[in-house]
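Trainee: Let me begin by handing over the structure; questions about it come next.
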Amino acid sequence: MLGLMVGLLTAGLGLGTASASTSADDSTAEVNASSAQDPTDPASTQSTDTSSAPAGQTVVFGIPGLTIDDIDPERTPNLYGLLSEGAAANLNVRTIGSATCPASGWLSFGAGARAQAGPSPVAEDADPDDSARCPTMIAPTTNVDDDSADSGAASANDAAKSDEAHADEPVAGATTAQIEGFDAVKEPNIGSGYSVDYGMLARTIAEDSTDVPAGTDAADEDALLEPCVAAEGPGAAYAAADEDGVVTNFTEDATATDCRLGVVDLGAVGIRSWLFDPIPNYSYTVPPNFDRETRVAEADRRLGARLQEMEDNAKDGAADPTIIVAGLGDSSGLPQLRAFIAAGPGFEPGSLSSATTRTPGLLQITDLAPGILDVLDVDSPRAVGFHSTPTDDAPQQRIDDLVAEAQKSTTIHQNLSTYSITLDIVFYVLFIACAILLNRSILGRRGGATLAPHVHRFLGWVSLGIASLPMGAFLAGLVPWSRTAEPGLGLFLSVVGTAAVLFVLALIPPWGRTWRGRVGALTGANLLILATDLATGSHLQANSLLGYNPIVGGRYYGLGNQGAAIFIVSLFIFLGIAVSWLRARGHRRAVFAVPIVVGLAAVFVSGNPSWGAKFGGTIAILAGLMVLLALLSKIRLTLLRLALIGVASLAILIGIAFLDWLRPAGARSHFGTFFDQIVTGEALQVVGRKLGANLHIIQINPALAIVTPLAAIAILVFLRYLLHFPRVHAGSRTGRLVNKWRGRLPQLFADSDLHFGFLAAATGLGVGLVLTDSGVAVPSTGAMVLLPFLLALSAEHAEEAHR
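With mature numbering (1 follows the signal peptide of the UniProt record, and there is no 0) as the guide, the letters of the sequence shown map in order to residues -24 to -1, 1 to 779.
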């Protein structure tokens, strides 16, 4: 059976060693080959190639704080013009921490990795009335002698190359500069769990030997571009600096040098409590006490002036430049998606995405450096490029669409805690209701056994409604609530409304006539909805209260942790009900065939790198499925056999991760990326970061963390599952304690198939706790639907007992 699973999974996932022969040059055209094979993925079916190197100079203008919503044809004509001619996207700028200061954004941009910039602001350096949270960027000094420059390490990974890297002379119009105290800038990244290669973008371009971009129209040697990065302004210096703070080509005008890439800091847009006063001699857009529209308009004016200078000073025969504008940071402590625009050769009007997001109109800050390297046709440590999806929509329509998505992300992010706490409170109320209403002493005073069926029926209906709420968080994505006048209210109504629809569907005959039928319909609907969504692009998972949020940026596609929990519980409760129904009707072969087929289909949906791409969740599903099949086969499960099931499940997924790893870097999913981290020795660092994330969840939401132990108490004691154990009998101390309640699980689990489904679900949640990132959310979210399902199923047995 295990061999059959391995064969089916490997063949179904479409992974094999043949993919390893794909050349690196082809990786851009088939970035994310796993999703490219999915005809339903718009990013793969309509994307255009932007990998051919531009003939002219590429210039990145950074305006931390800029959003797509800031762009207006009247107020920001230059930004609007670039967006009209080129492609745009919302940009996730999260680095380390909830919000990103400009210095951290610039540092992350240059490293192609999440990084945080220090030092923290100190009181003596700030205005006494200024409570800004972001550190002041250190202005580079240009009086750097050769010895100090040569002494630095040019690469965070290869210090031996430092002398060779620093030996390069700056190009005409630039000079070597030093960011004094750069160790303090880097200090927050020590022990952060992220590997930061400072100045990776600048160093990689400098190491490239191409002096003349392919396809240049320039006939004069004076118009040839050199493989270097010119940095203008403090932010650009942070991006270009190596690990010692040395900037090889620092200049007052990055567009006037002969470097292939120019990086310009136009200043940040931020509120006064976020940014300090402008750095001396490096005036930021305007002082933070001006209103936002004024600051954005000034940034646009400066951008327009620079673009005009580039046009006026263009050399004869030089090709058109590629212009990139990026909002590299937040403008306040409230994180939001920022703006990204790319115009020039290879960028048609449309939206941009990458292999890491797989979402048209969405990029993350760590995509920018490898994406720009791809634009320049320079080999990148990460084979990630920009995907452009052309459109005929008018510029304003494209802006409105991106703003709506950004608004959706912001609203979800702002309401996430409220929704999570609401679910916690609802679960606590259900727990207390079980403790009180199922208590024999309380029921005995109010009619005892006569009242018990009514109590179970009441709890059953309430539980069925509660079990519908989590899926409402996903189904709300079908409603365009973000375009309403009150997005927060629209989100609330969408969640409640879609949950109500799901509840009503569970009541439709014939399945709606019995409690088993209702629970079976609800669990089956959950499975079908989640599987369909994953197969068609994870649109309901994204920007969901129980999925993932682009502002947080932990995941952009596939099956999230809380979605995995609902998927696991729904799968095995559904299979338990289905097998029981089949066995009662004499379908002996189907008793085994249905769990195998449905279970392997669920593993495929979760584990397919193009669909669920859920490593830990897939192991959890596979382990639960093996437990279910073993129990149905009447195989006694010892601790050793359970351990073997866990090891076998892990081995299968490691094998799939290895096959995914054989593909080009840009085509890998989370599976291949994790295997690469094992190979490079970063896996322990990643695991440590995930454990830290678990602890952080417990700290910020302890109410969620205690859901699991409360659910265990309710199931073991209030529903009397402890009596199912042979060693616990009615006369024992534990038995007498448990018998103070009227729970019906012993009677419910007299149907062994339902019991097996419950055990498989519990196994899946337990494995999910250990193996998924932020795993504490898996059993807690699973318990929020598992306990209601058990209460609803118990209602039918209480009614039968009363008859």
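Just so it is clear, CB atoms sit at the ideal spot from N, CA and C, and this is done for glycine as well.
#1: Pick helix, strand or coil for Q13, following the three-state DSSP scheme.
#2: Alpha carbon to alpha carbon, how far is P18 from R374?
#3: Identify the continuous beta strand (DSSP E) that holds Q154 and give its terminal residues.
#4: Given a threshold of 16 other Cβ atoms within 10 Å of its Cβ, counted over all protein chains shown, does E269 qualify as buried or as exposed?
#5: By how many angstroms is the C-alpha of A681 removed from the C-alpha of S756?
#6: Quick one: what does DSSP say G391 is sitting in, helix, strand or coil?
#7: Select from L200, D267, P146 and S168 the residue whose C-alpha is nearest the C-alpha of residue 818.
#8: Buried or exposed: which applies to V360, given that a residue is buried once 16 or more other Cβ atoms fall within 10 Å of its Cβ?
#9: So, at 7 angstroms on beta carbons, what are the nonlocal neighbours of T117 in its own chain, with the 5 sequence-adjacent residues on each side left out?
#10: According to the neighbour-count rule (16 or more other Cβ atoms, all chains shown, within 10 Å of its Cβ), is Q517 buried or exposed?
#11: Taking 8 angstroms as the cut-off, decide whether the C-beta atoms of D229 and L201 are in contact.
#12: Run through DSSP, which three-state label would F647 get?
#13: Starting from the Cα of A771, find the closest Cα among H731, L724, G742 and I72 and give me that residue.
#14: Secondary structure at Q373, three-state DSSP: helix, strand or coil?
#15: To the nearest angstrom, how far is the alpha carbon of C77 from that of K384?
#16: Extract the residue ranges of the alpha helix (DSSP H) inside the segment 544 to 585, only unbroken runs of 4 or more that lie entirely within it.
#17: Taking the Cβ atom as the reference point for each residue, do L399 and M760 lie within a distance shorter than 8 angstroms?
#18: Provide the residue span of the alpha helix (DSSP H) that contains G88, from first to last.
#19: Grouping DSSP H, G and I as helix and E and B as strand, with all else coil, what is Y56?
#20: Hey, how far is the Cα of F732 from the Cα of L604?
#21: Tell me which residues share the same chain as V555 and place their Cβ nearer than 8 angstroms to its Cβ, disregarding the 5 neighbours each side in the sequence.
#22: Which word fits N289, buried or exposed, when buried means at least 16 other C-beta atoms lie within 10 angstroms of its C-beta?
#23: Taking the alpha helix (DSSP H) that H430 belongs to, which residues open and close that run?
#24: Helix, strand or coil for Y524 per DSSP?
#25: Excluding the five sequence neighbours on either side, which residues of its own chain have a C-beta within less than 7 angstroms of the C-beta of R459, listed in chain order?
#26: Quick check on Q340: does DSSP put it in helix, strand or coil?
#27: Suppose you measure from the CA of T387 to the CA of R639; what does that come to, to the nearest Å?
#28: Do S171 and A89 come within 8 angstroms of each other at the CB atom, strictly closer than that value?
#29: Determine the contact status of D292 and G320, defining contact as a CB-CB distance below 8 angstroms.
#30: Assign G167 to one of two classes, buried (16 or more other C-beta atoms within 10 Å of its C-beta) or exposed (fewer than that).
#31: May I have the straight-line CA-CA distance separating A370 from L349, to the nearest angstrom?
#32: Which same chain residues, not among the five before or five after L686, have their C-beta less than 6 angstroms away from its C-beta?
#33: What three-state label does DSSP hand C235 in the structure shown?
#34: Helix or strand or just coil, what does DSSP make of F37?
#35: In three-state DSSP terms, what is V655?
#36: When DSSP labels each residue in this structure, what does W250 get in the three-state scheme?
Mentor: Here's the rundown:
#1: At Q13 the pLDDT is 36, less than 50, meaning the model places this residue with poor confidence and gives no usable figure here.
#2: In this prediction, P18 scores a pLDDT of 40, lower than 50, which makes its location untrustworthy; the coordinate-derived value is nonetheless stated afterwards. For P18 and R374, the distance between alpha carbons rounds to 16 angstroms.
#3: T151 to Q154
#4: exposed
#5: 7 angstroms
#6: For clarity, residue 391 is Asn in the given sequence; the question names Gly instead. N391: helix per DSSP, three-state reduction.
#7: No answer is possible for residue 818: the residues shown for the chain start at -24 and end at 779.
#8: buried
#9: A153, Q154 and E156
#10: buried
#11: no
#12: helix
#13: L724
#14: helix
#15: 22 angstroms
#16: 564 to 583
#17: yes
#18: Careful: G88 lies outside any alpha helix (DSSP H) and carries neither H nor E.
#19: helix
#20: 6 angstroms
#21: V567, V570, P571, L608, D729, F732 and G733
#22: exposed
#23: A428 to L451
#24: strand
#25: A380
#26: strand
#27: 37 angstroms
#28: yes
#29: no
#30: exposed
#31: 29 angstroms
#32: F407
#33: strand
#34: strand
#35: helix
#36: coil
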